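Line by line, the protein sequences give chains A and B. Residue 137 in my numbering sits at position 1 of the first sequence, with consecutive numbering throughout. Residue 123 in my numbering sits at position 21 of the second sequence, with consecutive numbering throughout. Working notes for the structure below.
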Amino acid sequence: MDGMKDAAPYIADALVVLGVFIMTAGVYGLARMPDIYTKIHAASKAVFLGAIALMAASFVTGEPDIIFRVILIAAALIVTTPIATHAIAKAAAERGEAMRTPGATNESTYDLTETEATILEPKGAARLRDFLGE
Amino acid sequence: MHETVFYIATVWMVGLLSACLVIMVRSRSAMVRVLALDTVTIMLIALLALYSDSRGVPYYLDAALVLALLSFVATIAASRYHSEGKVF
Numbered sequence: 137m138d139g140m141k142d143a144a145p146y147i148a149d150a151l152v153v154l155g156v157f158i159m160t161a162g163v164y165g166l167a168r169m170p171d172i173y174t175k176i177h178a179a180s181k182a183v184f185l186g187a188i189a190l191m192a193a194s195f196v197t198g199e200p201d202i203i204f205r206v207i208l209i210a211a212a213l214i215v216t217t218p219i220a221t222h223a224i225a226k227a228a229a230e231r232g233e234a235m236r237t238p239g240a241t242n243e244s245t246y247d248l249t250e251t252e253a254t255i256l257e258p259k260g261a262a263r264l265r266d267f268l269g270e
Numbered sequence: 103m104h105e106t107v108f109y110i111a112t113v114w115m116v117g118l119l120s121a122c123l124v125i126m127v128r129s130r131s132a133m134v135r136v137l138a139l140d141t142v143t144i145m146l147i148a149l150l151a152l153y154s155d156s157r158g159v160p161y162y163l164d165a166a167l168v169l170a171l172l173s174f175v176a177t178i179a180a181s182r183y184h185s186e187g188k189v190f
């Protein structure tokens with residue numbers, strides 16, 4: 137038990153370095169991937185796992201107050217991140233964002249071929265203009 | 103040594119946060135912007151957890167929890183607005 141207490145800060149350091157490395161990989165993927173569907177793969181999962189690793193570092197060294205709050209935040213992130221990511225991907229497919237990855241095959245019923253329009257107007261914009269009376 | 107690791111990690115993550123903000127501003131697709139904003143918020147949560155761990159103060163984590171729940175609602179609202187035209 138005594139040795140465990142001595143080793144805890146080093147385990148926390150290793151977890152912090154691991155989390156920052158995973159986050160760096162996620163942001164690099166967000167910058168380099170060609171289209172939204174591959175960017176979702178890189179950014180969402182990697183950054184979320186990096187945050188979980190940093191919270192595990194807090195879990196190893198922290199006091200009871202910190203540990204309870206960290207468990208709560210990690211549980212909230214685990215529940216909400218897949219739902220938010222799925223909503224983003226579904227919205228991108230419904231808006232017809234193009235797949236730009238070489239050799240990508242579209243197995244869904246959405247039309248995802250490349251078009252000229254890069255910035256699509258949100259579908260709510262027309263409704264908002266009607267509401268505002270412009 | 104642990105202080106050094108936490109200091110370097112904090113500086114590095116602030117750099118990552120700035121890079122992610124630049125990606126969000128410069129992107130041409132609206133959904134990539136929503137995704138980058140979600141990523142920025144998760145990294146802010148991680149930064150708050152790191153800061154509260156290095157200071158030994160738990161109160162920053164309350165702000166992190168609120169930020170997690172609010173970013174979920176904001177992402178759902180933005181993607182529903184962009185796909186279906188209404189939020190609810």
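We treat Cβ as the ideally placed atom computed from N, Cα and C, and that holds for glycine. Remember, predicted model here, so these are calculated numbers, not experimental data.
Exercise. How should G117 (chain B) be labelled, buried or exposed, when 16 other C-beta atoms within 10 angstroms of its C-beta is the threshold for buried?
Worked result: exposed
For this session: Confirm, please, whether the CB-CB distance from S173 (chain B) to I172 (chain A) is below 8 Å.
Result: no
Exercise. In chain order, what residues of the same chain lie with their CB nearer than 8 Å to the CB of P160 (chain B), ignoring the 5 residues before and after it?
Worked result: S154
Exercise. Can you tell which of B:C122, B:S156, B:T177 and B:Y162 has the C-alpha that lies nearest to the C-alpha of I110 (chain B)?
Worked result: B:S156
Problem set entry | Cβ-based contacts, 8 Å cut-off: residues of the region 124-150 of chain B near chain A | I125, R130, S131, A132, M133, V134, V136, L137, A138, D140, T141, I144, M145, I147 and A148
For this session: For the alpha helix (DSSP H) containing G117 (chain B), list its first residue and its last residue.
Result: H104 to R128
For this session: Give a yes or no on whether 8 Å exceeds the smallest Cβ distance from L171 (chain B) to chain A.
Result: yes
For this session: Have a look at A:I188, A:A192 and A:G165 and flag the residue whose alpha-carbon is nearest the alpha-carbon of A179 (chain A).
Result: A:G165
For this session: Report the residues of the region 196-212 of chain A with a CB closer than 8 Å to any CB of chain B, ordered along the chain.
Result: T197, G198, E199, D201, I202, R205, V206, L208, I209 and A212
Problem set entry | S180 (chain A) (DSSP reduced to helix, strand or coil) | helix
Exercise. Using a Cβ cut-off of 8 Å, which residues of the region 153-166 of chain B contact any Cβ in chain A, in chain order?
Worked result: S154, D155, G158, P160, L163, D164 and A166
For this session: Report the residue from B:K188, B:A179 and B:C122 whose alpha carbon sits nearest the alpha carbon of A223 (chain A).
Result: B:A179
Exercise. Looking at C-beta atoms only, is the number of pairs between the region 139-155 of chain A and the region 181-195 of chain A that lie closer than 8 Å three or more?
Worked result: yes
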